[in-house]
Each structure stands twice: as structure tokens, then as C-alpha cells.
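With UniProt numbering applied, the sequence shown closes on residue 191, and no number is skipped along the way. Glycine included, C-beta positions come from ideal geometry on N, C-alpha and C.
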Amino acid sequence: MANTRQFGDLATQLVMESRRSTQTDALLKYNDSLVRSLLREQRRNERISGSPPALLIIQTAVSRNKRCLLAYHSHRIDRLRDLYWAVGGALPHILNNQDTRSKLSPHEVDYLRQYNGSVMEFRSEFSHELDITANITNPPKDLHVLVHVVRDCGVIQTELGSINFQKGQRFMVRRADIEHLIVQGYLEEVS
């Protein structure tokens, strides 16, 4: 009797994992084995035949499992979108981070690439007037900012010319020219 499970146990585990992710404010590794087990349970439940009251219970379990699967994946998509905007829409910055990449399923990587393509297509229409990837929650206070180079980023073309950002150096530059490098973690604002 140790292997006996009730309908919905796997779905409950999936929802609890989403809740843990929310409580710890971290993206947990995609639980492929649990999702596949839940899908197998769904297929088994859909093939069961029996009396109408038994089928009603099975149908309720199938519906609940489906809702839990959708909630789990919706939660992960929301977290991925938040992560995308937190780095200023820099997809390579997300995908090159091995810690983050190891937590994603191949389908989530495809989703991020397609989402990035849609954002870039939309962004190209407004590129001269507006930067939709700019941080709007903390508007800039000054036109220029003092930054410390945390990681080498090479030569960056700014409105006033090119600057070679090498680790350990400090620069006073226009915020608009280097905001994306601050968001991506190459530069750090010195207060």
C-alpha cells in the first residue's frame, strides 16, 4: 500500500513547487519528470471506463490535473518574462548564464527566443523615439552617471564617441548611452 496514490497527488506536488518558487523568489529547475508523470496519469485516467459516478470522479481529477499543469507552466512563463525584463531584454545575458540555462526546459528556451523576436520586432518600430527595454520603475535622476566597470565589455559607441570599457576603470558618461550595460551587469553605478 506504500505506492498507493490519490488522484491529484502529482498535480499537488507541481503546484507546491510553483509556490516554493514564488516564496523563495527564485526560478526552480523545470521538473520534467513530474510533468511527464502527470501527463501519463492523465492519459491513463482518460482511458478508464466505468459507472457514471466513477467517471465523474475521474473527469474531475483530469480537469484538476489540467488546471495544475496550466498553472505551473503559466507561473514559469511569468517568471521567465520577469527575468527577461529584469536584464533589459538582453536574451544572450540570460542564456549564457549556465545557472539559469540549466533550470530551463528546451521549450522554455524556444519560448524566450520567440518572445525576444517579438519584442525586437515591436521595438524596431519605435527605436528612434522610445526604448521599450528601459527601466521605468526607477527613472534616472541625472543625465550623466559615474560608473565602475565590473566586466570587460570592449569598445562601446556612444553619442559623443567610442569608449573602451575595461574592468576596474571608472567613467562619467551619459546614462542613456550605457543604461543597458548597467542592467546587464557589465557596469555598476557609483553613488
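Secondary structure of residue i, DSSP reduced to three states
i: Phe7; result: coil
i: Glu189; result: strand
i: Val157; result: Strictly speaking, residue 157 in this sequence is Gln, with Val absent from that position. Residue state, collapsed to three classes: strand.
i: Met1; result: The predicted model places Met1 with a pLDDT of 42, which falls under 50 and marks its position as unreliable, so this point remains unresolved.
Identity of the residue in the options nearest residue i by Cα
i: Asn31; options: Tyr84, Leu91, Ser18, Phe171; result: Ser18
i: Glu46; options: Gln59, Lys167, His180; result: Gln59
i: Leu27; options: Glu108, Val35, Ala11; result: Glu108
i: Asn116; options: Val147, Leu83, Asp99; result: Leu83
Span separating the alpha-carbon of residue i from that of residue j
i: Leu38; j: Ile182; result: 42 angstroms
i: Lys141; j: Gly185; result: 20 angstroms
i: Arg79; j: Ser51; result: 42 angstroms
i: Gln42; j: Arg64; result: 10 angstroms
i: Phe7; j: Arg20; result: 22 angstroms
i: Met1; j: Leu112; result: Note that Met1 scores 42 on pLDDT, short of 50, meaning its location in the model is unreliable; the coordinates nonetheless yield the value given after this. Going from the Cα of Met1 to the Cα of Leu112 covers about 43 angstroms.
i: His144; j: Arg40; result: 57 angstroms
i: Leu96; j: Ser49; result: Leu is not the amino acid found at residue 96; the sequence shown has Asn there. Between Asn96 and Ser49, the C-alpha separation is close to 49 angstroms.
i: Val149; j: Phe171; result: 8 angstroms
i: Ile156; j: Ile178; result: 9 angstroms
i: Cys153; j: His180; result: 12 angstroms
i: Arg36; j: Ser124; result: 39 angstroms
Residue i, enclosing beta strand (DSSP E) - first and last residue
i: residue 201; result: Here the chain comprises residues numbered 1 to 191, so residue 201 is not present and cannot be evaluated.
i: Val145; result: 144-149
i: Ile132; result: Segment: none, Ile132 is in no beta strand (DSSP E) and carries neither H nor E.
For residue i, the first and last residue of its enclosing alpha helix (DSSP H)
i: Ile57; result: 52-86
i: Gly117; result: 106-124
i: Ile94; result: 91-95
i: Ser33; result: 32-47
i: Gln98; result: 98-101
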